[in-house]
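A.B. asks: Mind the numbering: the sequence shown is residues 2 to 86 in our numbering, read in order. The beta carbon of each residue, even a glycine, is placed where N, CA and C say it ideally should be.
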Amino acid sequence: MRVTGSGYTNHCPQCLWSKHVDENPGDRASPCGGNMEPISVSVHSRGIYRVLHRCARCGFIRIQNAGKTDNIERLIELSTNPFKK
Numbered sequence: 002m003r004v005t006g007s008g009y010t011n012h013c014p015q016c017l018w019s020k021h022v023d024e025n026p027g028d029r030a031s032p033c034g035g036n037m038e039p040i041s042v043s044v045h046s047r048g049i050y051r052v053l054h055r056c057a058r059c060g061f062i063r064i065q066n067a068g069k070t071d072n073i074e075r076l077i078e079l080s081t082n083p084f085k086k
């Protein structure tokens with residue numbers, strides 16, 4: 002599946018996995034390129050979902066807003082799982 006986003010969103014809308022491509026949101030400056038696993042989701046007011054990703058290669062952690070077309074079932078599943086180390 003082709004991953005598209007707003008420049009700050011670069012995860013797959015189905016599985017929510019991402020790539021470690023940013024040092025700072027949107028800069029595409031990270032040399033790592035590792036896979037970013039979605040490990041948790043928090044739900045904020047107004048129905049905003051935020052996905053916590055951890056890089057499987059270097060351990061970098063980033064929080065990213067979910068997109069409007071993201072898989073809602075996967076978001077809900079991750080929101081009920083405790084934070085994994």
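Using DSSP's beta-bridge definition, name the partner residues of E38.
C.D. replies: Answer is R55, bridged to E38.
A.B. asks: Quick one, are the C-beta atoms of R51 and I62 less than 7 Å apart?
C.D. replies: No.
A.B. asks: With a threshold of 7 Å on Cβ separation, who are the neighbours of E24 within its own chain once the five nearest residues in sequence on each side are excluded?
C.D. replies: A30, S31.
A.B. asks: Roughly how many angstroms separate the alpha carbons of I73 and L79, rounded to a whole number?
C.D. replies: Each residue's Cα considered, the two are about 10 Å apart.
A.B. asks: Return the residue from the list N36, V44, P14, I40 that minimises the CA-CA distance to L53.
C.D. replies: Minimum Cα distance to L53 is reached at I40.
A.B. asks: By the three-class DSSP mapping on this structure, what secondary structure does R29 have?
C.D. replies: Coil.
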